[in-house]
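For reference, each letter of the sequence shown is one residue, going 122 to 452 in the working numbering.
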Amino acid sequence: MLMRLLILLGLSLCATAPARAYDVCNQTSYIVHVATGWPVAGGVAIQGWMRMRPGECSEVAGDVELADDQPLYFYAKTSDAYLGGVREWRGTMALCVDEADFEVVANTRCAALGLASREFIVREGDQRDRTVLVGPDDFGTHAEVAGIQRLLQSAGYPITAVDGYDGRGTDRAIARFMTDAELTTRPANTALIDALESRAMTRNAQSGMTICNESDGDIATAIGYRAGEILQSRGWWRLHAGECARLLAARIETTNTYYYAERINAATRRPLNGGTDAFCIAPARFLAEERTGCTERGYATANFRRIPEPVDGGVRIMIEESDFAGPRRDR
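So this is what it looks like as structure tokens:
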């Protein structure tokens with residue numbers, strides 16, 4: 122699910138380098154791409170994307186001198202290498218971004234410039250000097266090892282836990298990857314992370330279920346699928362206009378997988394039309410087992426669509442503005 126992850130707002134120490142003015146540190150287990158902005162005459166100067174490995178710190182806006190009352194803005198998203206969709210670190214300030222590397226001076230009229238809009242974190246006063254990205258697990262100085270473990274998982278190597286500790290299981294998985302990649306010596310961690318990211322992106326390019334948002338704004342998506350002997354539903358993944366996410370990574374061989382979405386705007390949520398298979402949903406993030414008795418268990422019910430026939434173990438679903446009905450009613 123697109124997760125609104127935590128931002129460590131304090132002045133904690135960075136994992137790999139002493140902080141400098143306007144530093145951002147990645148203490149998550151993900152490779153992230155960061156966009157930054159600051160006020161200038163005529164709008165906000167925004168630039169991206171700065172790629173940061175787990176455990177790295179980088180200086181941003183190094184040639185910018187801000188007055189004490191001027192903010193900095195940050196937005197971050199994960200690499201496409203990971204399973205389960207893109208994760209974001211976002212705040213409340215809507216600014217413009219592009220999909221490729223970009224530099225722009227803009228206001229909030231992003232669509233007129235052919236750009237997308239994202240919600241940036243606002244950092245003011247002394248908080249501008251250092252921003253540390255963390256997730257639900259605050260790995261701190263173990264972020265680099267945790268990042269290797271998560272990439273091993275995404276690349277298909279057996280890792281039982283992403284915990285940031287380089288034990289025998291991690292070493293065995295790295296050894297298997299080195300054999301497959303025909304590497305005779307273990308590379309430095311930075312090079313290992315880069316190689317694992319490349320392998321994960323290649324491996325995951327086709328399999329599973331990918332949903333793309335071709336509507337005019339944000340959508341929230343949910344899926345229904347079989348886990349062992351149980352049919353369950355899970356949500357939500359938030360997708361911005363023009364964005365895609367892989368919601369299931371495993372190979373799909375039949376059409377017994379389902380999807381649902383709601384079009385989000387300021388006032389209402391419009392449901393996906395054309396669904397015929399009822400599953401349980403909840404307003405916030407959820408995982409609901411079984412398809413029956415939703416109301417009795419505190420859930421609502423929504424009609425999910427069945428996926429089309431998979432090709433090479435995967436499906437890619439395009440959701441457009443016309444796929445949505447009127448405002449959602451209570452169920």
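The beta-carbon is built from N, C-alpha and C at its ideal position, and this holds for glycine as well.
message: Please report the distance separating the alpha-carbon of D190 from that of R437.
response: 46 Å
- request: Mark I351 as exposed unless 16 or more other C-beta atoms lie within 10 angstroms of its C-beta, in which case mark it buried.
  value: exposed
- request: Would you mind working out which of L360, C415, T311 sits nearest A237, comparing C-alpha positions?
  value: L360
- request: Count the other CB atoms, across all protein chains shown, that sit within 10 Å of the CB of Y286; report buried if there are 16 or more and exposed otherwise.
  value: exposed
field: Simplified DSSP state of D444, which is helix, strand or coil
entry: helix
message: Give me, in chain order, the residues of the same chain whose beta-carbon lies closer than 6 Å to that of I344; leave out the 5 immediate sequence neighbours on both sides.
response: R355, L368, Y380
- prompt: Mapping DSSP to helix, strand and coil, what is Q248?
  reply: Q248 falls in the helix class under three-state DSSP.
- request: Starting from F407, follow its DSSP beta bridges and name the residues at the other end.
  value: G356
- prompt: For the alpha helix (DSSP H) that V155 lies in, which residues bound it at each end?
  reply: Looking at the DSSP string, V155 is not in any alpha helix (DSSP H); the run it does join, the beta strand (DSSP E), is 153-161.
field: Per DSSP, the bridge partner or partners of L216
entry: R239
- prompt: Among E186, A182, T389, D258, which has the Cα closest to the Cα of D339?
  reply: T389
Sequence-distant residues of its chain with Cβ nearer than 7 Å to P431 (five each side left out): I373, E374
message: For the beta strand (DSSP E) containing G345, name the first residue and the last one.
response: 340-348
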